[in-house]
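Colleague: Using the numbering used here, read the sequence shown as starting at 61 and increasing by one per residue. Idealized CB from N, CA, C, for every residue including glycine. Computed from a predicted model, the values in this text were never measured in an experiment.
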Amino acid sequence: MYPIITISREFGSGGHTIGKMVSEKLGVPFYDSEIVDQVAKRSGYTKAVINEQGEYTDKLTKWFSVTVPSAMYFENPQDEIFKAQRRVILDCAEQGPCVIVGRCADDILDQEGYNTMNVFIHADMDHRIARVLERYGDTDVDVRKRLERKDRNRKTYYKYYTDREWGKYTNYQLNLDSGYLGIDQCVNIIVDTAKAIDARTREE
Numbered sequence: 061m062y063p064i065i066t067i068s069r070e071f072g073s074g075g076h077t078i079g080k081m082v083s084e085k086l087g088v089p090f091y092d093s094e095i096v097d098q099v100a101k102r103s104g105y106t107k108a109v110i111n112e113q114g115e116y117t118d119k120l121t122k123w124f125s126v127t128v129p130s131a132m133y134f135e136n137p138q139d140e141i142f143k144a145q146r147r148v149i150l151d152c153a154e155q156g157p158c159v160i161v162g163r164c165a166d167d168i169l170d171q172e173g174y175n176t177m178n179v180f181i182h183a184d185m186d187h188r189i190a191r192v193l194e195r196y197g198d199t200d201v202d203v204r205k206r207l208e209r210k211d212r213n214r215k216t217y218y219k220y221y222t223d224r225e226w227g228k229y230t231n232y233q234l235n236l237d238s239g240y241l242g243i244d245q246c247v248n249i250i251v252d253t254a255k256a257i258d259a260r261t262r263e264e
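In structure tokens:
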């Protein structure tokens with residue numbers, strides 16, 4: 061059986077595209093925006109809020125979570141979204157092998173003992189800038205600063221909910237440089253590895 065593949069990625073590194081192509085080649089479900097749809101139904105929050113709060117923690121969110129007096133308990137909306145995402149991710153994993161992008165899925169599934177292959181996709185800044193400009197076009201916001209802010213907030217979010225370091229090589233089975241390898245080669249490496257794991261488990 062294929063492992064459940066989780067894709068963590070630097071912003072602009074092509075992680076979504078890679079994950080989608082992997083799922084198509086392996087013939088397994090792909091979950092990214094689909095998770096947002098399910099979380100919206102379960103939580104009552106809009107998709108726009110979930111997209112912004114579902115993978116990012118900024119200083120304001122951290123401040124809110126530690127400064128509200130315990131006698132005045134209000135659950136942080138981001139915590140509510142995380143809990144809903146966690147339930148959706150576990151439901152997806154329960155259905156069998158799949159590809160899940162982001163949202164701390166690697167840690168969530170590892171904690172529950174699922175057979176996972178955790179992948180981190182990264183690339184140098186030049187490749188990421190070029191990809192973002194190609195996909196979204198030029199904007200008034202400096203692209204480099206946007207990338208740095210997105211990564212910084214993803215790192216903070218991941219640390220906040222997992223107590224692990226986002227992007228640290230020991231947290232993943234595969235660390236792939238999509239700028240150096242290219243999208244197709246990253247896909248091939250992940251697919252070939254998943255097939256090798258499947259063949260090994262069949263022999264055991």
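1. Relative to the alpha-carbon of residue 75, which residue among 102, 151, 162 has its alpha-carbon at the smallest distance?
2. Buried or exposed for residue 242, please, with buried defined as at least 16 other CB atoms from any protein chain shown within 10 angstroms of its CB.
3. With a threshold of 8 Å, are at least 3 pairs of Cβ atoms found where one atom belongs to the stretch 212-229 and the other to the stretch 162-171?
4. Starting from the Cα of residue 172, find the closest Cα among 182, 179, 151, 185 and give me that residue.
5. Under the three-state reduction of DSSP, which class applies to residue 185: helix, strand or coil?
6. Between the alpha carbons of residue 86 and residue 251, how many angstroms are there, rounded?
7. Can you tell which of 81, 68, 138, 176 has its C-alpha closest to the C-alpha of residue 154?
8. Which word fits residue 211, buried or exposed, when buried means at least 16 other C-beta atoms lie within 10 angstroms of its C-beta?
9. Roughly how many angstroms separate the alpha carbons of residue 69 and residue 262, rounded to a whole number?
10. Going by CA-CA distance only, name the one from 257, 247, 258 that's closest to residue 83.
11. Beta carbon of residue 239, beta carbon of residue 186: below 9 Å?
12. Which residue from 104, 164, 191, 158 puts its Cα closest to that of residue 232?
13. Bridge partners of residue 90, per DSSP?
14. Reducing DSSP to helix, strand and coil, say where residue 192 ends up.
15. Relative to the C-alpha of residue 79, which residue among 181, 137, 215, 101 is closest?
16. For the alpha helix (DSSP H) holding residue 146, just list the boundary residues, first then last.
Modeller: So, to answer that:
1. Within the sequence shown, residue 75 is the residue found at index 15, counting from 1. Comparing Cα-Cα distances from residue 75 to each of 102, 151, 162, the minimum goes to 162.
2. Counting from one through the sequence shown, the residue named residue 242 turns up at place 182. Residue 242 should be labelled exposed.
3. In short, these stretches touch, since the Cβ pair count reaches three.
4. Reading the sequence shown from its first residue, position 112 is the one you call residue 172. Out of 182, 179, 151, 185, 151 has the C-alpha closest to the C-alpha of residue 172.
5. Locating residue 185 in the sequence shown gives position 125, where the first residue counts as 1. Of the three classes helix, strand and coil, the one that applies to residue 185 here is helix, per DSSP.
6. Along the sequence shown, read from residue 1 onward, the residue named residue 86 stands at position 26. Along the sequence shown, read from residue 1 onward, the residue named residue 251 stands at position 191. Approximately 7 Å, taken between the alpha carbons.
7. Locating residue 154 in the sequence shown gives position 94, counting from the first residue. Ranking 81, 68, 138, 176 by Cα distance to residue 154 puts 176 first.
8. Along the sequence shown, one-based indexing puts residue 211 at 151. Buried, because 16 or more other Cβ atoms sit within 10 Å of the Cβ of residue 211.
9. The residue labelled residue 69 in the question sits at position 9 within the sequence shown. The residue labelled residue 262 in the question sits at position 202 within the sequence shown. A direct Cα-to-Cα measurement between residue 69 and residue 262 gives close to 30 Å.
10. Translated into the one-based positions of the sequence shown, residue 83 becomes position 23. Of 257, 247, 258, the residue nearest in Cα terms is 247.
11. Your numbering for residue 239 matches position 179 in the sequence shown. Your numbering for residue 186 matches position 126 in the sequence shown. With respect to the 9 Å criterion, residue 239 and residue 186 are classified as neighbours on the basis of their beta carbons.
12. Working through the sequence shown from its first residue, we reach residue 232 at position 172. It is 164 whose Cα lies nearest to the Cα of residue 232.
13. Locating residue 90 in the sequence shown gives position 30, where the first residue counts as 1. Looking at the DSSP assignment, residue 90 forms a beta bridge with 159.
14. By 1-based counting over the sequence shown, the position of residue 192 is 132. Three-state DSSP puts residue 192 in a helix.
15. The residue you call residue 79 lines up with position 19 of the sequence shown. Checked all of 181, 137, 215, 101; the closest Cα to residue 79 is 181.
16. Stepping through the sequence shown from its first residue, residue 146 is reached at position 86. Here the alpha helix (DSSP H) through residue 146 covers 137-154.
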